[in-house]
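Worksheet for the structure shown next.
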Amino acid sequence: MQITSPAFKANARGALADPHLQEALGHVRSGFIDKRQKAVDALPEFDALRDSARAIKDHTLAHLDLYLEAYEEKVKAAGGRVHWAETAEDARSLILDICRAAGARTVTKGKSMITEEIGLNEFFEKEGIRPVETDLGEYIIQLRGEHPSHIIAPAVHLTKNQVEADFRRAHHHLPPTRDLSEPASLLSEAREVLRAEYFAADVGITGANFLVAETGSSVIVTNEGNGDLTQILPRVHIVVASIEKIVPTLADTSQILRVLARSATGQDMSVYTTVSTGPRRPEDPDGPEEYHVVLLDNGRSSMLGTEFQDMLRCIRCGACMNHCPVYHAVGGHAYGWVYPGPMGAVLTPSLIGVDKSGHLPNASTFCGRCEAVCPMHIPLPKMMRHWREREFARGLNPATQRYGLKAWAFFARRPRLYRLAASFAIPALSAFGGAQRRFRYLPFAGGWTKHRDLPAPESRTFLQQWRNREADKQEART
Amino acid sequence: MSAREAILNKVRSSLGTAPGEAARAEVVAKRLADAPTGVVPARGQLADKERIALFCGMAEKVSATIDRVEKPADVPEAVSAYLRSRNLPASVRMGADERLREMPWSGVKSLEVKSGRADPEDEVGVSHALAGVAESGTIALHSGVDNPTTVNFLPEHHIVVVEAKDIAGDLETVFSSLRQKFGKGKMPRTLNLITGPSRSADIQQTLLLGAHGPRALHLIVVDGG
């Protein structure tokens, strides 16, 4: 997909001015937060489970090469095949080869962020294969030619009326007078339309929430059941997953499952947790005849051993964006690539380069809610700061910002000079603040005063006031 | 160099290790062999009666419906009562599970029992669960000729029989009973952990039941037998 992260500022302005988007984002603010809190409050062991989940992922990442080898061996033993892909391009061509060998013309897809990351749908269309998204949210945005704006609720940026208009446009074989005023009628219509697609598809593609080294299994966690129909009805099932999805055992999987659904949607368990191992067995009446796993690196291996390794613990629950004031204001598309919100602000620079996505780690108030709710204890603000440092070190910020920071640093490192300068500047600002006690415009502070007034300081600097007060106290005592 | 080698080499060089370090390999082999249990919520660690009650309560909370019968022979009548109450045709789809097959289906008048994997036309599927999980109201089913996976997803109504003695407190217990059934490190093609009927909140965060899987999940808990 086209990267628009460099245009984050323009994207954000557009998002703030879009009334449909602002209405839809209201549902994020009210929906996810309360549900998560209730589910967390109901489980006294939640924090212990978070610690356990973090320890599992840290252990796995420290031994990732060995667990990948163990996992591959088990997949093979169960009759499946593992294909390794270093880049998005490699993954696309491996997937295409499997589809071509299966004579595929239609491919159904379960919800998968990794296939968004590798731009699979656009690629399929170019190659003459018809991809059909089957998750309701993904289906809606596919009809609109859009990309997900949220990693677990891809169509969260849309209102019901917009979806109705899309369905009327796309499903023109249905009577135009039908009633689609309720979300329930929209859901029924999508269910009906997609039922036929599951049976028509030659290949079903899903992602994976986990890959289990102990058994060679892939695990998907869903609510609709579309992922399951996608992987049991076509003749070939392809799992596309990145290398950090590995967990050692099923017992470890249980630990992370307990924090995943609670953090994502406030459910104790998602409706369908499905563990798939190899193709159907000779005696099985259903299931795919072929089972392929495409294991994608695409930059993850270079994150290991760096200050961004902790990001590889991410289980894609979406809690960080559900609690992010910036995401609430601008939605997911403004971030300009696959992964939005705080996790995207950290992951996107790792995957596409900080030169293209430097705005994202800067689009944060550092309020810290993302880290506070992250089930895997990922220090998201700290890592955004690392990206800001790298951006600065590589000279990628605008010149005014760089010189401003340099000038500030010059003074900050010289406290006496800093105090001296402040002792002139602050009273001066105070004096010019006028009766309103605020500035509507100030040179070098246009970025602030363009959107709001700058309050005028109260007479003197903090240190000056402190000194005066101490002197007064001293006087009172003597 | 193959992509496999290239990726593994990059992982090793980022981690600062070389291939074949015996100590690391030992740690991994031991973890895979021992599969240590982590934090298990106290919620499900109850005596039989309370555990089964918790299972029923949790399942109802996620919009499953519950019927409790005394013995396996009561199941066909319970199924029939469910079909009548929902105004459904007297026809069910079912796999070859012996526990189901031994039930007196012929005792229910004019009930059609179709065998094998599900068709798109089937309105009601009946399965026998491997286990229940009390902590979350989840049922576990695995693929095979006994309970084909399509029965879990294609029909609009999914009726699942679960024996009270198979209701575990936690997920870990279900995984270890699978291990006993299939062998350590081996799995059936598909294991489904199902918690309530299918749903979606993709349109304006409005939760709706019956997305692509069943609209209704009905659990028949067999207490004795």
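Quick note, the sequences are listed as chains D and V, same order. Going by my numbering, the first sequence opens with residue 137, and the numbers climb by one from there. Going by my numbering, the second sequence opens with residue 5, and the numbers climb by one from there. Glycine included, C-beta positions come from ideal geometry on N, C-alpha and C. Please read all numbers here as calculations on a predicted model, not as lab measurements.
Under DSSP, V/Thr194 shares a beta bridge with D/Ser412. Chain order gives the chain D residues near V/Ala10 as Glu222, where near means a beta carbon separation below 7 Å. For the beta strand (DSSP E) assignment, the uninterrupted runs of no fewer than 3 residues enclosed by the segment 239-323 of chain D are, from N- to C-terminal side, 242-245, 266-269.
Residue pairing by DSSP places D/Ala377 opposite D/Leu431 in a beta bridge. The shortest C-alpha to C-alpha distance from D/Ala344 to any of D/Ile254, D/Val329, D/Lys247, D/Ala301 is the one to D/Lys247.
Ranked by Cα distance from D/Ala499, the options D/Asp302, D/Ala146, D/Ile139, D/Pro384 are led by D/Ala146. When C-beta distances to chain V are compared with 7 Å, the residues of the segment 428-442 of chain D below that value are Asp433, Ser437, Ser438, Leu440, Gly441, in chain order.
Between V/Leu182 and V/Leu212, the gap from beta carbon to beta carbon reaches 9 Å or more.
For the pair D/Thr389 and D/Val429, the CB atoms are not nearer than the 9 Å cut-off. Bridge pairing for D/Pro591: D/Arg574 [DSSP].
Against chain V, the beta carbon of D/Phe335 has neighbours under 9 Å at Pro124, listed in chain order.
Annotation for D/Asn434: Ala221, Glu222, Thr223, Ala224, Ala227, Glu253, Ile254, Ser378, Leu487 place their beta carbon closer than 8 Å to its own, counting only its chain and skipping 5 residues before and after.
Listed along the chain, the chain V residues whose CB falls inside 8 Å of the CB of D/Thr270 are His216.
In the pairwise beta carbon analysis, the segment 44-64 of chain V is classified as touching the segment 178-185 of chain D: at least three pairs are separated by under 8 Å. Taking 8 Å as the Cβ-Cβ cut-off, the segment 171-182 of chain D approaches chain V at Leu179, Pro180, Glu181, given in chain order. Looking at the DSSP output, V/Asp71 shares a beta bridge with V/Ile224. Contacts with chain D at 9 Å (Cβ-Cβ) do not include V/Ala51. Taking a 10 Å sphere around the C-beta of D/Phe560, we find fewer than 16 other C-beta atoms and assign the residue as exposed. In the DSSP assignment, D/Ser354 is bridged to D/Leu347, D/Ser412.
One alpha carbon belongs to V/Gly217, the other to V/Pro40, and they sit about 34 Å apart.
By the Cβ criterion, the segment 314-331 of chain D is not in contact with the segment 199-209 of chain D, since fewer than three pairs of Cβ atoms, one from each stretch, lie closer than 8 Å. Counting of Cβ neighbours within 10 angstroms places D/Gln367 among the buried residues, the total reaching 16 or more. Cβ proximity to chain D below 8 Å picks out Pro201, Ser202, Arg203, Ser204, Ala205, Asp206, Ile207, Gln208, Gln209, Thr210, Leu212 from the segment 201-212 of chain V. Distance from the CA atom of D/Lys210 to the CA atom of D/Val411, rounded to whole angstroms, is 14 Å. Proximity of chain V to D/Arg217 at the Cβ level (cut-off 8 Å) is not reached, the minimal Cβ distance being about 12 Å. Sequence-distant Cβ neighbours of V/Glu176 in its own chain, meaning closer than 7 Å and more than five residues away, are Thr41, Val44.
The Cβ neighbour count for V/Pro124, taken over all protein chains shown within 10 Å, is under 16; the residue is labelled exposed.
By the beta-carbon neighbour count (other beta carbons within 10 angstroms, threshold 16), V/Asp52 is exposed. Residue-level contact by beta carbon holds for V/Glu139 and chain D, with a gap shorter than 9 Å. Sixteen is the threshold: when 16 or more other Cβ atoms of the shown chains lie within 10 Å of the Cβ of V/Glu139, as they do, the residue is buried. Under the three-pair Cβ rule at 8 Å, the segment 358-377 of chain D does not count as touching the segment 465-485 of chain D. Contact annotation: D/Gly264 and D/Arg241 have beta-carbon atoms nearer than 9 Å.
Interface annotation, V/Ile70: not in contact with chain D, CB-CB separation never under 9 Å. Within chain D, the residues whose beta carbon sits less than 9 Å from that of V/Asn196 are Asp364, Tyr408, Thr409, Thr410, Val411, listed in sequence order. Chain-order list of chain D residues neighbouring V/Phe59: empty, with the shortest C-beta distance near 12 Å, by a criterion of under 7 Å.
Contact annotation: V/Met98 and V/Leu104 have beta-carbon atoms nearer than 9 Å.
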